[in-house]
Structure formats: structure tokens, C-alpha cells
Amino acid sequence: MSERLFGTNGFRGVVGEELTPQIAVKFGYAVGTHYLGKRVAVGWDGRLSSEMLTKALMSGLLSVGAQVYEIGLAPIPVLQKHVKENPELDYGVMTTASHNPPEYNGFKVVGPEGIEIPVSTERQIEEIFLSGEYALCEWSQVKEIRRIGDVIPTYIDSLLRNVDPDLLREEKKTVAVDPGHGVAALTIPHILQRIGYKAMTINAEIDGRFPIRPPEPTPEKLETLSKTVLAVGADFGVAYDGDGDRAIFCDEGGKTWWGDASGIAIAKHLAGKGLCEVVVTPVTSTAAAEIILQPMGVEVLRTPVGSRNVSYLMRDRGAVWGWEENGGGIYAPHLLARDGGITTLLMAQLMVEEGKTLSQVFGDLPRLWQVKTKVRTRPEVRDRIVEALIEEYGDEEIETIDGVKIWFGKDKWVLVRPSGTEPLIRVFAESSDRDEAAGLADQFRKKVESLTSTLA
Ligand code: MG
Numbered sequence: 405m406s407e408r409l410f411g412t413n414g415f416r417g418v419v420g421e422e423l424t425p426q427i428a429v430k431f432g433y434a435v436g437t438h439y440l441g442k443r444v445a446v447g448w449d450g451r452l453s454s455e456m457l458t459k460a461l462m463s464g465l466l467s468v469g470a471q472v473y474e475i476g477l478a479p480i481p482v483l484q485k486h487v488k489e490n491p492e493l494d495y496g497v498m499t500t501a502s503h504n505p506p507e508y509n510g511f512k513v514v515g516p517e518g519i520e521i522p523v524s525t526e527r528q529i530e531e532i533f534l535s536g537e538y539a540l541c542e543w544s545q546v547k548e549i550r551r552i553g554d555v556i557p558t559y560i561d562s563l564l565r566n567v568d569p570d571l572l573r574e575e576k577k578t579v580a581v582d583p584g585h586g587v588a589a590l591t592i593p594h595i596l597q598r599i600g601y602k603a604m605t606i607n608a609e610i611d612g613r614f615p616i617r618p619p620e621p622t623p624e625k626l627e628t629l630s631k632t633v634l635a636v637g638a639d640f641g642v643a644y645d646g647d648g649d650r651a652i653f654c655d656e657g658g659k660t661w662w663g664d665a666s667g668i669a670i671a672k673h674l675a676g677k678g679l680c681e682v683v684v685t686p687v688t689s690t691a692a693a694e695i696i697l698q699p700m701g702v703e704v705l706r707t708p709v710g711s712r713n714v715s716y717l718m719r720d721r722g723a724v725w726g727w728e729e730n731g732g733g734i735y736a737p738h739l740l741a742r743d744g745g746i747t748t749l750l751m752a753q754l755m756v757e758e759g760k761t762l763s764q765v766f767g768d769l770p771r772l773w774q775v776k777t778k779v780r781t782r783p784e785v786r787d788r789i790v791e792a793l794i795e796e797y798g799d800e801e802i803e804t805i806d807g808v809k810i811w812f813g814k815d816k817w818v819l820v821r822p823s824g825t826e827p828l829i830r831v832f833a834e835s836s837d838r839d840e841a842a843g844l845a846d847q848f849r850k851k852v853e854s855l856t857s858t859l860a
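Every position in the sequence shown, counted from 1, becomes a number in this note's numbering once 404 is added.
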């Protein structure tokens with residue numbers, strides 16, 4: 405067990421190695437000690453190890469006298485929404501490894517606003533975990549687990565209050581839905597049925613082995629969705645990650661689009677309706693955001709990588725919409741956390757209100773190409789590599805929100821940032837010219853490699 409429990413996305417590890425039931429019990433002690441006397445909602449995703457780990461986690465929480473409310477098997481936004489809105493709940497813990505491979509699992513702790521807890525709170529929980537100083541209670545203080553009924557219908561009702569269901573019902577669209585054997589299968593088809601849409605599902609049996617595609621919905625892994633859209637003549641297709649907070653869209657022609665396209669399309673639509681003056685997105689997403697939104701008077705704010713950074717900045721600046729390029733969309737009136745369900749409904753409403761097909765919606769956006777690569781490096785030299793680049797490119801326009809982002813024009817940039825979870829430096833390059841983006845990524849990969857060897 406490393407000294408750090410939490411990475412960029414909560415506590416994650418390979419089951420049976422970094423993450424065992426014994427660790428889950430201790431994690432429950434530590435979290436329950438931190439939130440002593442508070443009421444906790446617990447939910448889990450569809451991974452093979454999720455029930456095993458959740459039962460151990462609950463056992464730890466109960467051991468320190470926590471009142472545990474069982475949300476059960478559900479997408480993570482369901483848990484987050486209940487924590488935010490149910491006055492009986494103070495915080496939540498979700499057993500999930502989101503988009504990671506099947507052998508992984510983890511825990512995400514959600515604060516009272518429904519947002520993943522900040523790093524400062526994670527550090528406090530880590531300290532308790534590592535010190536072993538748990539507030540274990542006497543036998544007479546152990547509480548029974550309570551179950552919350554109708555968790556998913558309540559969530560769907562609240563989701564629909566954030567769109568115009570009557571307007572959506574005017575066009576009975578057909579949607580190809582790919583939950584990727586994850587828990588989005590429990591909500592999305594029902595959400596679509598509630599607005600009179602026909603949901604044609606694939607990979608909709610929850611299966612923690614993720615037999616057909618990985619739990620991360622990257623466009624190149626979604627050929628089956630693309631074929632299904634064409635085969636059934638769907639108006640669009642949509643795929644989700646393992647715990648249902650990311651949505652990736654496929655247009656009616658079978659072309660799958662990265663989350664930047666949907667993030668910007670929704671921002672542009674909301675801005676056109678006068679609903680969105682500020683948007684928030686991490687440093688990694690496309691410069692097309694500024695190119696499209698700034699002329700509309702929308703301020704584009706950038707954060708370090710990690711969806712909670714987007715959530716907290718949205719809260720602090722009163723932003724209505726934020727997104728990650730991986731398909732995580734955040735709509736503040738609903739929840740200050742990513743939700744694939746609300747992203748799907750907002751996209752459907754956009755199509756109806758603009759009277760466009762999805763290929764027209766995305767075709768209207770300027771096309772920038774992004775190339776990503778990585779360099780394996782020792783953790784101790786990572787910050788020095790970034791410092792060396794800041795020094796070298798100090799005369800260019802640079803940003804140091806997360807690593808260093810060097811601008812070579814309004815649609816051309818390179819980002820070099822240390823990974824939050826692995827001994828890697830990630831290199832991102834973007835340009836309106838595909839070869840130029842690839843060339844820039846290659847040039848900076850070589851530069852980082854050479855710095856790695858000189859700094860060794
Ligand atoms: Mg996720």
C-alpha cells in the first residue's frame with residue numbers, strides 16, 4: 405500500500421493486490437471516523453468485486469457507528485443526486501473504478517453537495533487511515549443498515565425536471581444505447597422511454613467482466629454502436645462508461661465524436677438561449693471552445709485535469725455548464741458533477757430546439773485535431789521537466805494551470821503534464837492540421853525524453 409490512498413479519481417487499485425476487503429474495512433473505519441456521527445449513502449457499480457468490497461466498506465463504516473443508507477447498484481450520479489437532495493444524507497461513498505479495466509475497483513467519496521470531496525478532505529481521511537486511529541464504537545452503538553426505496557425512479561423524476569419533457573416528446577426519436585455492460589443500463593433506457601423515445605440497447609446486461617468493449621467509451625472502441633445506429637436507422641447513438649457519468653455520442657451516419665464536440669455543442673446551444681455566460685473545462689480540452697464561445701460573449705475558464713476541479717470552479721463562478729473532453733458533462737441546475745443522463749437529455753433537447761441532426765450539430769463546429777502521447781519517467785524528475793519547458797518557452801504564450809501549456813497561435817498548442825496516477829508525462833498537441841498536431845506531439849515527446857535522460 406502506497407502512502408497515498410487517493411489519486412486523480414478517488415481511491416483506485418487492482419482488486420486482490422492494492423485493494424482487498426481488509427483494506428475496504430479500514431477505509432470504512434477511516435471515512436466513518438472523519439465523518440463521525442454523520443449519515444452515509446453507499447452505492448456500487450456492476451464490477452465483479454463491487455459487492456464484496458462494498459460489504460466490507462459498510463462493515464467498517466458501521467464499526468465506527470455510522471448510519472449507513474444503502475443506495476445499491478446504480479450509476480454514480482444517482483448516488484450524488486441523492487446525497488445532494490435527500491436531507492437524511494450527509495455524504496456518500498461509491499464503490500467504482502469508473503472507466504478503468506475490469507480488474508480495478510475503488511472508492512469515491514462524495515460530499516454534501518454531491519461533489520467528489522476536495523483533495524484537502526482526502527488528505528485528512530488518508531491521515532486517519534495511515535495512523536490507524538479509528539473511532540471504533542461499542543456493540544450497543546452499531547446501527548442497522550437502512551435502505552432507500554425507489555432510488556432510480558426518484559433520480560429520473562428529478563432529471564426530467566431539468567429539461568422540457570413535453571418538447572422532447574414531440575419528436576419520437578430512436579436512440580441506440582450502449583451502456584457497455586455498465587450500470588447506465590439501469591437508468592438510460594428508462595429515461596428515454598419516459599420522453600417517448602425508442603431505446604435500442606446493446607451491451608445492456610450488467611457484467612463486470614466487460615466482455616464486449618472496455619468500460620472506457622473511446623470512439624475507436626464503439627464500432628458496434630456505430631453499426632447499430634446504421635442498422636436500426638437511429639437518430640443518434642450514445643455510449644457510457646462503467647459508472648454512467650460519461651456520455652459519448654454517435655451521429656445518425658455512424659460517426660462517433662469525442663466529448664469535446666458534445667461539450668461545446670451544448671455550451672453553444674445554452675449560450676444561444678442566453679443561459680450560459682461562463683463555461684468551465686480542463687486544460688486538455690480543445691481550443692475550439694474559445695474559438696466558438698468567446699465571440700458569443702461566453703467566458704471559457706480552464707482547470708487542472710480532474711472533474712471535481714471543473715465542479716468546484718463551476719460552483720465558485722456560478723457556471724451553468726462544464727465538460728471534460730472524455731464525455732463528462734456537468735449541468736449545474738441538476739447536479740455539480742458529471743452525469744451521462746443529463747448530458748443525453750440536453751443533447752436531445754438541443755437537436756429538437758435547433759431542428760438539426762447530430763451530424764449537422766457537430767459539422768457546424770470547427771475541426772481541430774488532437775494527438776496524445778506519453779513518456780515513461782521517474783516521478784522525481786517530472787516537475788523538473790515541466791520547469792525546464794517553462795524556462796525554454798518563457799517567451800511564448802504559456803499557461804501553467806496543470807503542467808505547462810504552450811500556445812503557438814489560437815488553434816495550436818502543446819500541453820506537457822505529469823500524470824496524477826502513473827509515473828508518466830503526458831503530451832497533448834492540438835492543431836487545425838492533423839499532421840501538424842502529430843508532428844508537435846512527436847517533437848515534444850522527444851524533447852521530454854531527452855530532458856528525462858539529461859535530468860537523470
Ligand atoms: Mg465514470
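Note that the Cβ used here is the ideal one computed from N, Cα and C, for glycine as well.
Run the proximity test for residue i: is its beta-carbon closer than 7 Å to any non-hydrogen atom belonging to the ligand MG?
{"i": "S502", "result": "yes"}
{"i": "G919", "result": "There is simply no residue 919 to check, as the chain begins at 405 and stops at 860 in what is shown."}
{"i": "G584", "result": "no"}
{"i": "R650", "result": "yes"}
{"i": "G663", "result": "no"}
{"i": "I480", "result": "yes"}
{"i": "G701", "result": "no"}
{"i": "G646", "result": "yes"}
Can you grab the Cα-Cα spacing for the pair residue i / residue j, in whole Å?
{"i": "L477", "j": "V587", "result": "7 Å"}
{"i": "K512", "j": "T825", "result": "15 Å"}
{"i": "L457", "j": "L793", "result": "43 Å"}
{"i": "L754", "j": "M700", "result": "17 Å"}
{"i": "R838", "j": "K816", "result": "11 Å"}
{"i": "R788", "j": "N504", "result": "29 Å"}
{"i": "W727", "j": "P686", "result": "8 Å"}
{"i": "T690", "j": "A669", "result": "12 Å"}
{"i": "L769", "j": "E422", "result": "43 Å"}
{"i": "R416", "j": "E520", "result": "14 Å"}
{"i": "V820", "j": "D799", "result": "17 Å"}
{"i": "Y559", "j": "L590", "result": "11 Å"}
{"i": "N509", "j": "I616", "result": "19 Å"}
{"i": "A638", "j": "L626", "result": "15 Å"}
{"i": "L493", "j": "D554", "result": "15 Å"}
{"i": "E574", "j": "C680", "result": "25 Å"}
{"i": "F812", "j": "E801", "result": "7 Å"}
{"i": "G612", "j": "W448", "result": "12 Å"}
{"i": "Q764", "j": "I606", "result": "25 Å"}
{"i": "R706", "j": "E803", "result": "10 Å"}
{"i": "Q597", "j": "D645", "result": "21 Å"}
{"i": "G584", "j": "S630", "result": "13 Å"}
{"i": "L750", "j": "I475", "result": "26 Å"}
{"i": "Y797", "j": "I810", "result": "7 Å"}
{"i": "S411", "j": "T628", "result": "The sequence given here places Gly at residue 411; Ser does not occur at that position. The straight-line gap from Cα to Cα measures roughly 32 Å."}
Taking DSSP's pairing of strands, which residues face residue i in a bridge?
{"i": "L819", "result": "K809 and F832"}
{"i": "F640", "result": "V579"}
{"i": "K602", "result": "T578"}
{"i": "A651", "result": "Y644"}
{"i": "I734", "result": "G726"}
{"i": "T685", "result": "R706"}
{"i": "A445", "result": "Y473 and G496"}
{"i": "K776", "result": "F832"}
{"i": "N509", "result": "G417"}
{"i": "I746", "result": "DSSP, once it has assigned bridges, lists no residue as partnering I746."}
Measuring CB to CB, does residue i end up less than 8 Å from residue j?
{"i": "Y433", "j": "N566", "result": "no"}
{"i": "W662", "j": "E729", "result": "yes"}
{"i": "G744", "j": "D655", "result": "no"}
{"i": "V444", "j": "A470", "result": "yes"}
{"i": "W773", "j": "E694", "result": "no"}
{"i": "Y495", "j": "Y439", "result": "yes"}
{"i": "R712", "j": "P522", "result": "yes"}
{"i": "V714", "j": "V684", "result": "yes"}
{"i": "K602", "j": "T578", "result": "yes"}
{"i": "K547", "j": "L452", "result": "no"}
{"i": "F640", "j": "L540", "result": "no"}
{"i": "G731", "j": "A608", "result": "no"}
{"i": "L572", "j": "A752", "result": "yes"}
{"i": "I599", "j": "V581", "result": "no"}
{"i": "G722", "j": "V779", "result": "no"}
{"i": "V808", "j": "V785", "result": "no"}
{"i": "P479", "j": "D647", "result": "yes"}
{"i": "V852", "j": "F832", "result": "no"}
When every heavy atom of the ligand GTP is checked, does at least one fall within less than 7 Å of the C-beta of residue i?
{"i": "V702", "result": "Of the ligands one can find in the structure shown, namely the ligand MG, none is the ligand GTP."}
Taking contact to mean 3 or more Cβ pairs, one atom from each stretch, closer than 8 Å, check whether the region 474-489 and the region 614-632 are in contact.
no
Specify whether the region 695-715 and the region 671-686 touch according to this definition: at least 3 beta carbon pairs, one from each stretch, less than 8 Å apart.
yes
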